[in-house]
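J.: The numbering of the sequence shown is this note's numbering, which starts it at 1 and goes up by one. My questions all concern the structure below.
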Amino acid sequence: MTTEMTGAPRTYDVRTYGCQMNVHDSERISGLMEDAGYVRAADADAADIVVFNTCAVRENADNRLYGNLGHLRPTKLKNPGMQIAVGGCLAQKDKGDIVKKAPWVDVVFGTHNIGSLPAMLERARHNEEAQVEILESLEVFPSTLPTKRESTYAGWVSISVGCNNTCTFCIVPSLRGKEKDRRPGDILAEVRALVAEGVLEVTLLGQNVNSYGVEFGDRLAFGKLLRACGEVEGLERVRFTSPHPKDFTDDVIAAMAETPNVCHSLHMPLQSGSDTVLKAMRRSYRQEKYLGIIEKVRAAMPDAAITTDIIVGFPGETEEDFEQTLEVVRRARFSSAFTFQYSKRPGTPAATMEEQVPKAVVQDRYNRLIATLEDITWSENKKLVGEKVEVLVAVGEGRKDEHTGRLSGRARDGRLVHFATGGITPRPGDIVETVITYAAPHHLNADGDPLSHRRTRAGDAFEAGRTPKLKGVSLGLPSIGVPAPLPPATDGCAL
1 MTTEMTGAPR
11 TYDVRTYGCQ
21 MNVHDSERIS
31 GLMEDAGYVR
41 AADADAADIV
51 VFNTCAVREN
61 ADNRLYGNLG
71 HLRPTKLKNP
81 GMQIAVGGCL
91 AQKDKGDIVK
101 KAPWVDVVFG
111 THNIGSLPAM
121 LERARHNEEA
131 QVEILESLEV
141 FPSTLPTKRE
151 STYAGWVSIS
161 VGCNNTCTFC
171 IVPSLRGKEK
181 DRRPGDILAE
191 VRALVAEGVL
201 EVTLLGQNVN
211 SYGVEFGDRL
221 AFGKLLRACG
231 EVEGLERVRF
241 TSPHPKDFTD
251 DVIAAMAETP
261 NVCHSLHMPL
271 QSGSDTVLKA
281 MRRSYRQEKY
291 LGIIEKVRAA
301 MPDAAITTDI
311 IVGFPGETEE
321 DFEQTLEVVR
331 RARFSSAFTF
341 QYSKRPGTPA
351 ATMEEQVPKA
361 VVQDRYNRLI
371 ATLEDITWSE
381 NKKLVGEKVE
391 VLVAVGEGRK
401 DEHTGRLSGR
411 ARDGRLVHFA
421 TGGITPRPGD
431 IVETVITYAA
441 PHHLNADGDP
451 LSHRRTRAGD
461 AFEAGRTPKL
471 KGVSLGLPSI
481 GVPAPLPPAT
491 DGCAL
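So, in structure tokens, the structure goes:
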């Protein structure tokens, strides 16, 4: 029985796949649904409306979506009032094919028209037929949409959408469109609004954050934005993802080092250490430039934790090419890495390239890469044993916390820390200082009593069951012309 039959508000559940951009888009979807009068389902399996926010980057994305849609078909047949919506990058790619393959889907919407979802659901219900609406360009900047945040202590803030790069393995530019930059004032207004709700940590989001400003002609805009975030009172941590090596400039390194609340945590995608493969990928940097960036970052911030993305088995990759990747990994000494076996994505130039690498070879190289990375990350983590760290207590970071009696959170450099609570009762959003006692390749443990515990407004909000809900602070798509300059930032020392 649906809630519609009982007179109760209709319920929804959003299921998210893919990158941080999708996670943030799902917050917007939740905000839209609640503004339209829906309530989040207490039991996801009994939701009146299920929204899939999909990813198209990996080869198995299609199979995963259609498998999940197949699992829902019996539920839909039993509950005719139930609705299923599919959005995100896979919807943008497959368009009406989704309804052909899964006729029980009610709504298909793309990456450019998230705001249309409530109206499309209502049309589908009224007309008793599926609604498919895919726009080829951005309808409104996503930040104009209401947002239901998932966290009381950390928030995503989009600074741009879309991408102007043409990497041969990536389908994102064709699905997200050309880069559109928000005005600095709109971004800072959203940051301040989040902080006013108790948020301590903000992550600036974009497909390529450090090309921010290209639309209004200021190649130094991203560094200025970081410094401006340093002036927001009450904002304790600033992160960003993901940059591109070709656009990473010295002024950004200086802003990171000199702005106290900007975390010394950098995700710098490598993809390959081979110049030959980088050229075939259409990545406009080479090994020497990449390692030069890493060297400059470590010179300015010796404590920086640097993470990366690596693809193994790109078409034409030789054993020598792969050894070059291992060499960069050894020299860069990443604190962690997202690693991928290359998979074809229809519609990308790489999918039709000759010399596709055999699966067995790719698997062998992948295993060797993982072994090399784990040796390095473990070695780097061991250096922190005995060191004091500041941990922002989080929800859901430690799968074994209930059994170990520990809590978990992230250090300022982004590393995952599981810590003993001693005699204190910190809440998600509170700040704890503790000493690392043990290191593993992917996490740190602190089993002594915490050195200090600071209760925060974010912790108060978590305890009260409140999460920030913003109405949207942008005035729409970025307007034409050069924006007003960012406010000057005072120099400071890195933490």
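We treat Cβ as the ideally placed atom computed from N, Cα and C, and that holds for glycine. These numbers come from a predicted model, not from an experiment.
Along the chain, where does the alpha helix (DSSP H) that runs through Gln356 open and close?
T.: Counting along the chain, Gln356 falls outside any alpha helix (DSSP H), and DSSP gives it neither H nor E.
J.: When you compare the CB positions of Pro426 and His453, do they come within less than 9 Å of one another, or not?
T.: yes
J.: Could you please give me the residues that DSSP links to Asp181 through a beta bridge?
T.: Ser160
J.: How close, in whole Å, do the beta carbons of Leu200 and Leu392 come, if the pair is a contact with beta carbons under 8 Å?
T.: 7 Å
J.: Quick check on this structure: which residue in Leu326, Leu225, Glu179 has the alpha carbon closest to the alpha carbon of Glu258?
T.: Leu225
J.: Taking Cβ positions, are Ile310 and Arg298 nearer each other than 9 Å?
T.: Contact flag unset, no.
J.: Who are the Cβ neighbours of Gly386 in its own chain at under 7 Å, not counting the five residues just before and after it?
T.: Val435, Ile436
J.: According to DSSP, is Glu295 helix, strand or coil?
T.: helix
J.: With DSSP as the reference, identify every bridge partner of Asn445, one or two as the case may be.
T.: DSSP, once it has assigned bridges, lists His418, Tyr438 as partnering Asn445.
J.: Let me know the secondary structure DSSP gives Gly223 once reduced to three states.
T.: In this structure, Gly223 counts as helix in the three-state DSSP scheme.
J.: Beta carbon of Val214, beta carbon of Asn261: below 9 Å?
T.: no
J.: With three or more beta-carbon pairs closer than 8 Å as the criterion, would you say the region 116-130 touches the region 359-372?
T.: no
J.: Between Ala420 and Arg406, which are expected to be in contact by the criterion C-beta below 8 Å, what is the C-beta distance as a whole number of angstroms?
T.: 6 Å
J.: Below 8 Å on the Cβ atoms is my contact criterion, and I expect Val252 with Cys229 to pass it. Report the Cβ-Cβ distance as a whole number of Å.
T.: That pair is no contact at about 13 Å.
J.: Quick one: is Pro428 buried, meaning 16 or more other Cβ sit within 10 Å of its Cβ, or exposed?
T.: buried
J.: Compare the C-alpha of Arg282 against each of Leu270, Leu291, Ala371 and name the closest.
T.: Leu270
J.: Closest to Lys178 by CA distance: which of Val157, Arg192, Gln207 is it?
T.: Closest option to Lys178, Cα to Cα, is Gln207.
J.: Based on Cα-Cα distance, which residue from Trp156, Glu320, Tyr342, Val232 lies nearest to Ser274?
T.: Glu320
J.: Can you name, in chain order, every residue of its own chain whose Cβ lies under 7 Å from the Cβ of Val473, other than the five neighbours on each side?
T.: Any answer about Val473 is weak, because its pLDDT of 39 lies below 50 and its placement is not dependable; what the coordinates show is given next. Counting only Cβ-Cβ distances below 7 Å, and skipping sequence neighbours, we find Ser143, Asp186, Ala189, Glu190, Ala193.
J.: Taking 8 Å as the limit between beta carbons, can you name the residues of its chain near Val417, skipping five residues before and five after?
T.: Val389, Val391, Ser408, Gly409, Arg410, Ala411, Thr434, Ile436, His443, Leu444, Asn445, Ala446
J.: Among the candidates Arg10, Ser151, Glu288, whose CA atom is the shortest distance from the CA of Ala42?
T.: Among Arg10, Ser151, Glu288, the Cα nearest to that of Ala42 is on Arg10.
J.: Report yes if the C-beta distance between Asp48 and Gln83 is below 9 Å; otherwise report no.
T.: yes
J.: Checking the sheet assignment: what are the DSSP bridge partners for Ala337?
T.: Thr308
J.: DSSP on Lys76, reduced to helix/strand/coil?
T.: helix
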